[in-house]
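Novice: Residue 1168 is where the sequence shown starts when you use the numbering used here, and the numbers rise one by one after that.
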Amino acid sequence: MHKLLDIEFLVRAPEVETEFDVSPAGDCVAFTDNRTGRFEVYLLDLETQVIRQLTDHGQGATCPRFSPGGEYVLYAQDHDGDERWDFHLIHLATGRSRCVLEQCVAGYPAVSWSPDGRALLITSARDGRFTLHRCDIETGALTPLTRHAFNDERGVYSPDGRWIAFDAHTIGQDRGVFVIAPDGSDIRALPLPDAADPQWSPDGRFLLFHSMRESEDVGVFELATGEVRWLAEGRWDEWGAAWSPDGRQALYLENEDGVHRVCVVNVASGERIARIAPEDGVIERARFARGGRSVVFEFSNHRTPNSLWEYHLDTRVCEQITPPLEVAHDAPFIAPYYVRYESADGLTVPAIVYPSRQAGRDGGAILLIHGGPTWAYHNFWHPAAQHFAQMGYTVIGPNYRGSTGYGRAYQNANRYDIGRGDVLDCIAGVEWLLREGMAGRGRIGVTGASQGGYMTMMCLAKHPDYWAAGSSLIGFFNYFTEFESEREDLRYWDLQNMGDPAKPEDAERYRDRSPIFFIDRVTAPVQLIAGRTDPRCPAAETEQVHRALRARGVPVEMILYENEGHGFSKVENRIDAYRRRAEFFAQHLG
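1) Tell me whether the beta-carbon of Asp1188 lies closer than 7 Å to the beta-carbon of Phe1233.
2) Are the beta-carbon atoms belonging to Ile1594 and Gln1216 less than 7 Å from one another?
3) Does Val1462 come out as helix, strand or coil in the three-state DSSP assignment?
4) Give the range of the beta strand (DSSP E) segment to which Asp1319 is assigned.
5) DSSP three-state call for Gln1750: helix, strand or coil?
6) Give the range of the beta strand (DSSP E) segment to which Arg1575 is assigned.
7) Hey, quick one: how far does the alpha helix (DSSP H) through Pro1550 stretch, first residue to last?
8) Please check the pair Phe1206 and Ala1192, which I expect to be a contact at CB under 8 Å, by giving their CB distance rounded to whole angstroms.
9) Kindly indicate the opening and closing residues of the alpha helix (DSSP H) around His1713.
10) Pull up the distance between the alpha-carbon of Ser1461 and that of Tyr1478, whole angstroms please.
11) Taking all protein chains shown into account, decide if Lys1670 is buried (16 or more other Cβ within 10 angstroms of its Cβ) or exposed.
12) Enumerate in chain order the residues of its own chain whose CB-to-CB distance from Gly1574 is below 7 Å, with the five nearest sequence positions on each side excluded.
13) In this structure, does DSSP put Gly1284 in helix, strand or coil?
14) Need the endpoints of the beta strand (DSSP E) that Trp1367 sits in, please.
15) How about Val1183 and Glu1493: do their beta carbons lie closer than 7 Å?
16) Should Ile1519 go down as buried or exposed, given a rule of 16 or more other Cβ atoms within 10 Å for buried?
17) Looking at the unbroken alpha helix (DSSP H) that takes in Phe1647, where does it start and where does it end?
18) Out of Val1689, Tyr1677 and Phe1198, which has the shortest C-alpha to C-alpha gap to Tyr1209?
19) Can you give the Cα-Cα distance for Gly1149 and Ala1292, rounded to whole angstroms?
20) In angstroms, rounded to a whole number, what distance separates the CA positions of Leu1390 and Trp1367?
21) What's the call for Val1323, buried or exposed, on a 16-neighbour Cβ count within 10 Å?
22) Considering only the beta carbon of each residue, do Ile1611 and Tyr1633 sit closer than 7 Å?
23) In the region 1406-1434, which residue ranges form an unbroken beta strand (DSSP E) of at least 3 residues, counting only runs that do not cross its ends?
24) Rounded to a whole number of angstroms, what is the C-alpha to C-alpha distance between Tyr1544 and Tyr1504?
25) When you compare the CB positions of Gly1538 and Gln1618, do they come within less than 7 Å of one another, or not?
26) Please say whether Ile1450 and Leu1420 have beta carbons closer to each other than 7 Å?
27) Assign Asp1334 to one of three DSSP states: helix, strand, or coil.
28) What number of angstroms, rounded off, separates the C-alpha of Lys1737 from the C-alpha of Asp1247?
29) Across which residues does DSSP place Leu1727 in a beta bridge pair?
30) So is Gln1694 buried or exposed if we call it buried at 16+ other beta carbons inside 10 Å?
31) From Ala1363 to Gln1553, what distance separates their C-alpha atoms?
32) Give a yes or no on contact between the region 1671-1682 and the region 1697-1711, applying the rule of three or more CB pairs nearer than 8 Å.
33) Let's see if you can read the secondary structure: which residues bound the alpha helix (DSSP H) around Arg1676?
34) Whole-angstrom Cβ separation of Thr1614 and Arg1699, contact assumed at under 8 Å?
35) On a Cα-Cα basis, can you pick out the residue from Gly1530, Leu1591, Glu1446 and His1469 that is closest to Val1516?
36) If you follow the alpha helix (DSSP H) that Val1240 is part of, which residue opens it and which one closes it?
Pasting the structure below:
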């Protein structure tokens, strides 16, 4: 193995978090990255490319947002992964900072400023359900704005401050866009199909949004007439739209079978002005900068950690504006590729494969199951997958039914079928490896985090003959106890997609899809990794299945990180967890 491509090097590679913001003047970018080993807030001057560190907390900072005048940056910070957010305000000229709001249970810590800079919009579960709140910037006082049956996602003020647009989870996996007055009165549901992420035009007449019809499409809604014009509709998913400062152009992200691009279009004519990507990879967020003359976006692929790039619309020059990874030009990164195979019921399942340099019929392989489940594997920076391939294992990451990026029908195909059809999709991926001669029976491992951790245990319990070992990270294993202890928004999602455990017919589904009730079938050694402060998949879930496995005499080890939540924010803990998982597979897969 190349000496640079061990797990510590890959995990320590500085990564920019997706939620950056461009200043109102368009000349600076506020972002977070983990170059110090913790996510801190930084300010990047686009003209000089000088980067200034704004915070030094040692805890995870996220979601920086400029004030309307650009004098301040607001950001969120939790404590050891508990997702109880403190919101801090930094004065850029003096560097002075103060806490605006403490210990807020926010479903999504990115906030929106009011145009006058006197208030914030925050989605908070202070009263149980996640609802939109107004936060006074001086006092931190929270005022609830919505009182309906749904869980709100995020809101944004209109440019004149007279209205707020927001989206909320509605039925099943659908979302809807609503408009409300700033005092919480006059709520209106907009007639848009499964729509989300509303963005006001600079003149306040239109809303950009994306809608999951047959695929994700980007549209413009005119509030006065109710007319919808589609900027992007077709074969590929499009989302992540934003206006140019003058409202004449818009951008959106496009996923062409796993390859992401930023598309810039003329709003009036629909003409495409630019289609941007440094190379094949993944783009998570894009915004106009420099008065609309450039586009800043976040990009990664198998050899490039998440980083900020800028594309100049006049010269068509694209450049990386955060420091590149310091690695030899010939470092042997392994490039993944996409495959498709049939599942047990004939459904075509896309997957990403990292080939091993030692592939063969007797070689080791790892089934890597993503979380979400509304997520997907693409060619992004993935230290664990890269490291497994460097170790000599073939890695397959199925985008099982329920994954995003393949249209509405595919994303909804796991509704009331979680833990069965999606697991069979993963098993079919292993069968594909065996047919292709890329793995040997008795040398296959399974691992995943969050929903992937749950599905790992379902694979081990319901399909035990495939596995030499399994490692489950931050998972849940008993749908009944998870339902009782999880956050309100997650419980609502389970009600919509798994049913109500109080009903006998749904309770049977909960039982059948809970690996805790099938522990007697597990034969392979198991590794369990979790964070003590996880509010989504509580550590009690891991402790519960650990006790059950030990009682059955199954070889099992449990690793709990006392200062981590759902996903490990501290680089030392990530290195330790990933290294111990790699050692576990080396022991049992060879």
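From the three backbone atoms N, C-alpha and C, an ideal C-beta is built for every residue, glycine too.
Specialist: Well, looking at it:
1) The residue given as residue 1188 occupies position 21 in the sequence shown. The residue given as residue 1233 occupies position 66 in the sequence shown. Against a cut-off of 7 Å, the Cβ pair of Phe1233 and Asp1188 comes out as a contact.
2) For the purposes of this step, residue 1594 is taken as the residue at position 427 of the sequence shown. For the purposes of this step, residue 1216 is taken as the residue at position 49 of the sequence shown. Not closer than 7 Å, so no.
3) Indexing the sequence shown from 1 puts residue 1462 at position 295. Note: Val1462 maps to strand in three-state DSSP.
4) Against the sequence shown, residue 1319 aligns to sequence position 152. Counting along the chain, the beta strand (DSSP E) containing Asp1319 begins and ends at Asn1318 to Tyr1324.
5) Start at 1 with the first residue of the sequence shown, and residue 1750 comes out as number 583. The sequence shown places Glu at residue 1750, rather than the Gln named in the question. Helix at Glu1750.
6) On the sequence shown, position 408 is the one that residue 1575 refers to. If you look at Arg1575, you'll find it isn't in any beta strand (DSSP E); it sits in the alpha helix (DSSP H) that goes Arg1575 to Gln1578.
7) Position 383 of the sequence shown, counting from 1, holds the residue named residue 1550. Unbroken alpha helix (DSSP H) run through Pro1550: Pro1550 to Gln1557.
8) Working through the sequence shown from its first residue, we reach residue 1206 at position 39. Working through the sequence shown from its first residue, we reach residue 1192 at position 25. Not a contact, Cβ separation roughly 25 Å.
9) Taking the first residue of the sequence shown as position 1, residue 1713 is located at position 546. Ala1706 to Ala1718 is the span of the alpha helix (DSSP H), which, as asked, contains His1713.
10) By 1-based counting over the sequence shown, the position of residue 1461 is 294. By 1-based counting over the sequence shown, the position of residue 1478 is 311. Ser1461 and Tyr1478: Cα-Cα distance of roughly 5 Å.
11) Within the sequence shown, the letter at position 503 stands for residue 1670. Around the CB of Lys1670, fewer than 16 other CB atoms lie within 10 Å, so the residue is classed as exposed.
12) Within the sequence shown, the letter at position 407 stands for residue 1574. So the qualifying residues of the chain are Glu1381 and Ser1382.
13) In the sequence shown, residue 1284 corresponds to position 117, counting from 1. It is coil, neither helix nor strand.
14) Within the sequence shown, residue 1367 is the residue found at index 200, counting from 1. Unbroken beta strand (DSSP E) run through Trp1367: Ala1362 to Trp1367.
15) Locating residue 1183 in the sequence shown gives position 16, counting from the first residue. Locating residue 1493 in the sequence shown gives position 326, counting from the first residue. No, the pair does not count as a contact, with Cβ atoms beyond the cut-off.
16) The residue labelled residue 1519 in the question sits at position 352 within the sequence shown. The residue is buried, with at least 16 neighbouring Cβ atoms inside 10 Å.
17) For the purposes of this step, residue 1647 is taken as the residue at position 480 of the sequence shown. Its alpha helix (DSSP H) spans residues Tyr1646 to Ser1652.
18) Mapped onto the sequence shown, residue 1209 falls at position 42. Nearest option by C-alpha distance: Phe1198.
19) Nothing in the structure corresponds to residue 1149, since the chain is present only between 1168 and 1757.
20) Numbered from its first residue, the sequence shown carries residue 1390 at position 223. Numbered from its first residue, the sequence shown carries residue 1367 at position 200. Each residue's CA atom was taken as its position, placing Leu1390 and Trp1367 some 10 Å apart.
21) Translated into positions along the sequence shown, residue 1323 becomes position 156. Buried: at least 16 other Cβ atoms inside 10 Å.
22) What you label residue 1611 is simply residue 444 of the sequence shown in a count that begins at 1. What you label residue 1633 is simply residue 466 of the sequence shown in a count that begins at 1. Taking the C-beta atoms as reference points, Tyr1633 is found nearer than 7 Å to Ile1611.
23) Every beta strand (DSSP E) of 3 residues or more that sits fully in the region 1406-1434 is shown, in chain order, as 1416-1423 and 1426-1433.
24) As a first step, residue 1544 must be located in the sequence shown, where it is residue number 377. As a first step, residue 1504 must be located in the sequence shown, where it is residue number 337. Spanning the alpha carbons of Tyr1544 and Tyr1504 requires a straight line of approximately 11 Å.
25) Within the sequence shown, the letter at position 371 stands for residue 1538. Within the sequence shown, the letter at position 451 stands for residue 1618. If you check the CB distance, Gly1538 and Gln1618 come in under 7 Å.
26) In the sequence shown, the residue the question calls residue 1420 occupies position 253. In the sequence shown, the residue the question calls residue 1450 occupies position 283. Yes. Within cutoff.
27) On the sequence shown, position 167 is the one that residue 1334 refers to. Of the three classes helix, strand and coil, the one that applies to Asp1334 here is strand, per DSSP.
28) What you label residue 1737 is simply residue 570 of the sequence shown in a count that begins at 1. What you label residue 1247 is simply residue 80 of the sequence shown in a count that begins at 1. Cα to Cα, the separation comes out at about 9 Å.
29) For the purposes of this step, residue 1727 is identified with residue 560 of the sequence shown, where counting begins at 1. Looking at the DSSP assignment, Leu1727 forms a beta bridge with Ala1697.
30) Working through the sequence shown from its first residue, we reach residue 1694 at position 527. Note on Gln1694: 16 or more other CB atoms within 10 angstroms of its CB, so buried under the neighbour-count rule.
31) To locate residue 1363, count along the sequence shown from 1; it is residue 196. To locate residue 1553, count along the sequence shown from 1; it is residue 386. Ala1363 and Gln1553 have their C-alpha atoms roughly 33 Å apart.
32) Touching, no, given that fewer than three Cβ pairs across the two stretches are closer than 8 Å.
33) For the purposes of this step, residue 1676 is identified with residue 509 of the sequence shown, where counting begins at 1. If you look at Arg1676, you'll find it in the alpha helix (DSSP H) that goes Pro1671 to Asp1679.
34) Residue mapping note: residue 1614 aligns to position 447 of the sequence shown, counting from 1. Residue mapping note: residue 1699 aligns to position 532 of the sequence shown, counting from 1. Between Arg1699 and Thr1614 the Cβ distance is about 21 Å, and since that is not below 8 Å, they are no contact.
35) For the purposes of this step, residue 1516 is taken as residue 349 along the sequence shown, with counting starting at 1. Measuring from the Cα of Val1516, the nearest candidate turns out to be Leu1591.
36) Walking along the sequence shown from the start, residue 1240 turns up at place 73. First-last for Val1240: Tyr1239 to Gln1244, but that is the beta strand (DSSP E), not the alpha helix (DSSP H).
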